[in-house]
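**Student:** Next up is a structure, given as structure tokens.
There are 2 protein chains.
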Amino acid sequence: LKIDEVKVFYLKVPKILDIGDGSQDMCLIQVRSGEHVGWGEAEGSPITCIASMYTPFSHSGCHPVIDSVLRMPINATSDIIHISELVRKNSFYGLLQSDITFSGVEIALWDLLGKIKGEPVWRMLGYKKSYPKLPYASVLFGETPADTFDKASKISKNGFAAVKFGWGPYGRGTAAEDGDHVHAARSGIGSDAHLLIDAGTVFGEDVDAAAARLPALESAGVLFFEEPFKATAFGAYDKLSKLSKKVRLAGGEGSHNPHQAFNLIDYGGVGFVQIDAGYVGGIHNSYRIAQYAESKNVQFVNHTFTSNLTLSSSLQGYVGLENHWLSEYPTELSSLASEITINHIVVNSDGYIQVPDAPGLGMQINEDTVRKYKVDVELTVGGKLLYETPSV
Amino acid sequence: LKIDEVKVFYLKVPKILDIGDGSQDMCLIQVRSGEHVGWGEAEGSPITCIASMYTPFSHSGCHPVIDSVLRMPINATSDIIHISELVRKNSFYGLLQSDITFSGVEIALWDLLGKIKGEPVWRMLGYKKSYPKLPYASVLFGETPADTFDKASKISKNGFAAVKFGWGPYGRGTAAEDGDHVHAARSGIGSDAHLLIDAGTVFGEDVDAAAARLPALESAGVLFFEEPFKATAFGAYDKLSKLSKKVRLAGGEGSHNPHQAFNLIDYGGVGFVQIDAGYVGGIHNSYRIAQYAESKNVQFVNHTFTSNLTLSSSLQGYVGLENHWLSEYPTELSSLASEITINHIVVNSDGYIQVPDAPGLGMQINEDTVRKYKVDVELTVGGKLLYETPSV
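Chains A and B supply the protein sequences, listed in that same order. The first sequence begins at 44 in this note's numbering and counts up by one. The second sequence begins at 44 in this note's numbering and counts up by one.
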């Protein structure tokens with residue numbers, strides 16, 4: 044079997060708001076081999092992804108991603124790994140953002156191969172069993188501590204035993220104001236639930252500013268403190284991890300490849316590594332990082348803020364590891380992210396989630412949703428139409 | 044003064060060859076404030092850069108780069124740094140490749156401000172003096188050792204006291220074949236010249252494969268061994284650096300921001316850090332890395348494989364540091380890269396080069412060349428023309 048067709052769609056909600064919600068648009072990728080179809084989502088700017096997919100080539104290390112994918116064999120998992128290596132060789136990661144663009148393709152290829160083989164992706168990765176994960180609701184801080192408290196109370200009533208608050212005002216005011224938000228979150232969710240805080244890289248590389256937040260995090264019993272710094276500021280992560288008594292640091296969503304995550308583990312002193320399959324180069328890279336984390340006594344957690352298609356993709360790489368028990372579970376999806384799949388990964392009565400035991404990623408794409416939200420794009424270079432939005 | 048206009052051009056030679064020559068096309072950026080004009084080059088896929096410059100926004104961390112640049116004040120160097128910070132905040136580096144795209148803008152802003160102030164960029168960075176640098180000719184290996192010998196002999200006759208060979212067949216055959224190329228290069232340039240070897244990340248993360256090349260490098264008296272591994276494989280760099288007796292490792296061209304270069308210095312054990320201003324986020328980031336390298340006893344070297352506009356940009360950040368004496372000097376420029384500037388940074392009779400002591404980057408852009416090589420691009424999203432190639 045060969046990859047007969049690749050389609051890229053730019054989908055968006057009618058009005059995108061200037062808030063930290065990455066589910067407002069989507070770079071959706073479909074791959075087809077004969078009658079089999081696979082779907083994936085790349086977690087980057089869709090138009091930039093389209094450009095790196097279809098641009099004319101610049102030199103031997105700067106080919107459009109599509110050149111390494113179309114018409115390639117797709118019969119075994121090794122074919123997917125081979126295509127990944129080709130993309131790395133032909134489209135150096137930085138020059139045209141190929142890691143993000145290819146992430147969506149790679150995910151779609153696993154979905155496709157799983158459907159061809161009638162196997163879930165996690166089984167094709169070698170896992171014997173898929174363990175349930177404890178989902179943490181991932182929400183934005185409220186504008187005021189009172190708003191945060193209200194959000195926390197509501198989330199708690201929805202049955203989540205773990206909640207992460209992030210972004211919004213956090214780190215933009217004083218440490219005392221941030222502490223008020225953290226304590227409001229703890230009051231709202233109750234003393235038994237796991238509380239996680241996401242600083243969204245707001246402190247840049249300022250260890251003192253981040254350290255000033257530690258006492259409130261410690262006293263509120265926070266499990267992990269996510270991305271206080273830029274993804275690459277390992278020295279800052281390492282210093283803060285040594286200043287923290289109980290709260291462990293988390294990071295890794297900014298990893299474009301396994302090495303960036305390995306380095307964060309080795310040099311940044313994090314206790315949790317958070318990986319987005321739609322950003323790190325795909326499912327196999329997230330699997331490699333999960334294996335590395337396991338060997339280093341670091342807990343792997345998926346990073347997901349968009350659709351259930353992406354949630355399933357980001358779970359596949361570590362569902363076979365029983366000790367890695369947490370999962371990021373977005374609860375404030377845009378209409379697009381919610382409607383893109385017909386089925387959903389729901390929280391079971393015991394409070395846990397599980398990836399579907401079904402071929403590929405186990406998610407059914409709603410093609411009516413693709414038609415409803417797709418935006419027409421045309422890219423013309425030198426009078427030649429290199430890309431136009433395909434039909435569904 | 045404000046930034047009144049930003050123009051982005053995709054330039055290319057008529058026929059791009061599938062070889063490792065990044066000067067075959069160009070993402071050229073012009074910024075204008077009143078009657079003053081500055082120019083810069085972004086070292087990435089031009090169409091991908093255009094997309095990240097003009098895409099519709101996705102969320103608060105994924106705005107098009109242009110939004111943080113146009114109509115901003117440009118009166119002092121702090122204004123450029125402020126714009127950089129805005130881009131980082133509004134356009135997270137990975138999501139839309141903003142580091143590379145903005146590199147070209149930032150370089151153009153320094154050129155513009157230098158012309159407004161009547162000062163060379165290096166003086167605006169705080170350097171009192173611009174020191175001459177010893178240029179190394181940067182060329183591709185020949186197809187066979189005999190070809191490499193011929194290339195080396197010719198380069199040597201052109202008066203270069205340092206030559207770097209890279210890419211081509213290196214690392215794709217046996218260690219013995221690679222050794223033959225290295226010794227052919229040494230024979231061709233003679234025993235007194237500095238010989239540098241660039242592996243172009245060919246060994247991925249395979250320390251053994253790279254280590255098998257060390258004996259030939261040592262016996263040929265190679266000064267540095269560049270990028271044996273992927274940019275982020277710090278562990279591999281560190282291991283190889285400890286296996287090497289005399290040859291020092293070099294790397295860093297893959298750095299998108301200062302931290303990636305700091306990390307390579309801190310964890311990778313390199314002796315030389317090579318930075319491309321058109322890739323690392325611009326001139327101020329390369330200046331920060333040069334200062335860091337100086338403090339860590341590592342030698343800073345520009346990474347340049349394209350035009351003299353880029354050469355001048357990549358020299359500015361370290362020309363004031365006397366001990367950092369090497370410079371990468373491309374000698375196999377495409378017609379585009381050669382013709383884009385009216386004046387050139389030439390090798391003086393003493394074998395050294397010097398950046399122009401003239402306002403901005405000191406390079407005059409040939410607007411006829413822009414007209415000759417520009418390719419018409421149109422990007423339409425949702426029926427709206429977001430970008431079309433501007434007039435010169």
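Glycine included, each C-beta is placed from N, C-alpha and C at the ideal position. Keep in mind that this is a model prediction, so the values were computed, not measured.
Just to confirm, is the Cβ distance from L168(B) to I117(B) under 7 Å?
**Tutor:** No; because the gap between Cβ atoms is not below 7 Å, this pair is not in contact.
**Student:** Could you tell me which whole alpha helix (DSSP H) segments of length 4 or greater appear in the segment 75 to 102 of chain A?
**Tutor:** Those alpha helix (DSSP H) runs which fall completely within the segment 75 to 102 of chain A and span 4+ residues are 89 to 97.
**Student:** Is the Cβ of V362(A) closer than 7 Å to any Cβ of chain B?
**Tutor:** No, its Cβ sits nowhere closer than 7 Å to a Cβ of chain B.
**Student:** What does DSSP give as the partner residue(s) for R215(A) in the beta ladder?
**Tutor:** Paired residues: none, contrary to the question.
**Student:** Using 10 angstroms around the beta-carbon of I326(A), count the other beta-carbons present and answer buried if the total reaches 16, otherwise exposed.
**Tutor:** Classification for I326(A): buried.
**Student:** So V420(B) contacts chain A; which residues on that side make the cut at Cβ distance below 9 Å?
**Tutor:** Simply L422, T423, V424, G425.
**Student:** Whole angstroms are fine: how far does the CA of P57(A) sit from the CA of T120(A)?
**Tutor:** Near 38 Å, if we compare the C-alpha coordinates of P57(A) and T120(A).
**Student:** Could you spell out the range, first to last residue, of the beta strand (DSSP E) harbouring I240(B)?
**Tutor:** Taken as a continuous stretch (DSSP letters only), the beta strand (DSSP E) holding I240(B) covers 237 to 241.
**Student:** Would you mind sorting L113(B) into buried or exposed? The rule is 16 or more other CB atoms within 10 Å of its CB.
**Tutor:** Counting Cβ neighbours within 10 Å, L113(B) comes out exposed, since fewer than 16 surround it.
**Student:** Using the Cβ count rule (16 or more neighbours within 10 Å means buried), how would you classify E84(A)?
**Tutor:** When all chains shown are included, E84(A) counts as buried.
**Student:** My output table needs one value for S370(B): the three-state DSSP class, helix, strand or coil.
**Tutor:** Strand, per DSSP.
**Student:** According to the neighbour-count rule (16 or more other Cβ atoms, all chains shown, within 10 Å of its Cβ), is I385(B) buried or exposed?
**Tutor:** Exposed, by the Cβ-count rule.
**Student:** What are the start and end residues of each continuous alpha helix (DSSP H) run of 4 or more residues lying completely inside the segment 335 to 399 of chain B, in chain order?
**Tutor:** Segments of the alpha helix (DSSP H) lying fully in the segment 335 to 399 of chain B: 351 to 359, 378 to 382.
**Student:** Assign S181(A) to one of three DSSP states: helix, strand, or coil.
**Tutor:** The answer is strand: DSSP assigns S181(A) an E or B state.
**Student:** Is there a Cβ from chain B that is less than 7 Å from the Cβ of G65(A)?
**Tutor:** G65(A) counts as touching chain B.
**Student:** Taking the alpha carbon of S181(B) as the reference point, which residue from A228(B), T275(B), V130(B) has its own alpha carbon closest?
**Tutor:** Comparing Cα-Cα distances from S181(B) to each of A228(B), T275(B), V130(B), the minimum goes to A228(B).
**Student:** Starting from the beta carbon of L139(A), find every residue of chain B whose beta carbon is closer than 7 Å, and list them in chain order.
**Tutor:** Residues of chain B passing the Cβ test: G87, S88, T91.
**Student:** Exposed or buried, I126(B), counting other C-beta atoms within 10 Å across all chains shown (16 or more means buried)?
**Tutor:** The residue is buried, with at least 16 neighbouring Cβ atoms inside 10 Å.
**Student:** Please go through the segment 263 to 350 of chain A and give each complete alpha helix (DSSP H) segment of 4 or more residues, from N-terminal end onward.
**Tutor:** Qualifying alpha helix (DSSP H) stretches, in chain order: 277 to 286, 301 to 311, 326 to 338.
**Student:** Does the beta-carbon distance from I318(B) to I332(B) come in below 7 Å?
**Tutor:** Yes; because the gap between Cβ atoms is below 7 Å, this pair is in contact.
**Student:** Compute the Euclidean distance between the alpha carbons of I62(B) and H102(A), then round it to the nearest angstrom.
**Tutor:** In a straight line, the C-alpha of I62(B) is about 6 Å away from that of H102(A).
**Student:** Apart from the five residues on each side of it in sequence, which residues of its chain come closer than 8 Å, Cβ to Cβ, to Y395(A)?
**Tutor:** The answer, listed in chain order, is P175, K176, L177, P178.
**Student:** For a quick check, are the C-beta atoms of D110(B) and H299(B) less than 7 Å apart?
**Tutor:** Against a cut-off of 7 Å, the Cβ pair of H299(B) and D110(B) comes out as no contact.
**Student:** Roughly how many whole angstroms lie between the Cα atoms of L354(A) and G147(A)?
**Tutor:** Between L354(A) and G147(A), the C-alpha separation is close to 13 Å.
**Student:** Run through the DSSP bridge pairs and tell me what Y430(A) is partnered with.
**Tutor:** Answer is L422(A).
**Student:** Within the chosen definition, does the segment 248 to 265 of chain A reach the segment 280 to 294 of chain A through at least 3 CB pairs nearer than 8 Å?
**Tutor:** Yes, they touch.
**Student:** How would you call L422(A), buried or exposed, if buried means at least 16 neighbouring beta carbons within 10 angstroms?
**Tutor:** Its Cβ being crowded by 16 or more others within 10 Å, L422(A) is buried.
**Student:** I need the boundaries of the beta strand (DSSP E) containing E149(A), first residue and last residue.
**Tutor:** E149(A) -> not in any beta strand (DSSP E); alpha helix (DSSP H) instead, spanning 141 to 160.
**Student:** Strictly below 9 Å CB to CB, what residues from chain A border D61(B)?
**Tutor:** Here the neighbours are F100, H102, S103, H106.
**Student:** Quick check on the burial criterion: 16 or more other C-beta atoms within 10 angstroms. Buried or exposed for R131(B)?
**Tutor:** By the 10 Å Cβ count, R131(B) comes out buried.
**Student:** What residues in its chain sit with their C-beta under 7 Å from that of K282(A), if we drop five residues either side in the sequence?
**Tutor:** Excluding residues within five positions, the ones whose Cβ falls inside 7 Å are V250.
**Student:** Can you grab the Cα-Cα spacing for the pair R166(B) / P301(A), in whole Å?
**Tutor:** Approximately 40 Å, taken between the alpha carbons.
**Student:** Is the Cβ-Cβ distance between F184(B) and P212(B) less than 7 Å?
**Tutor:** Their beta carbons are under 7 Å apart, which means F184(B) touches P212(B) by this criterion.
**Student:** Taking CB distances under 7 Å as the criterion, tell me whether D281(A) reaches chain B.
**Tutor:** No, its Cβ sits nowhere closer than 7 Å to a Cβ of chain B.
**Student:** Below 8 Å on the Cβ atoms is my guess for E269(B) versus G209(B); work out the distance and round it to an integer in Å.
**Tutor:** Right, the Cβ-Cβ distance comes to about 7 Å (below 8 Å), so this counts as a contact.
**Student:** Measure the C-alpha to C-alpha separation of V74(A) and S434(A) and round it to an integer number of angstroms.
**Tutor:** Approximately 13 Å between the Cα atoms of the pair.
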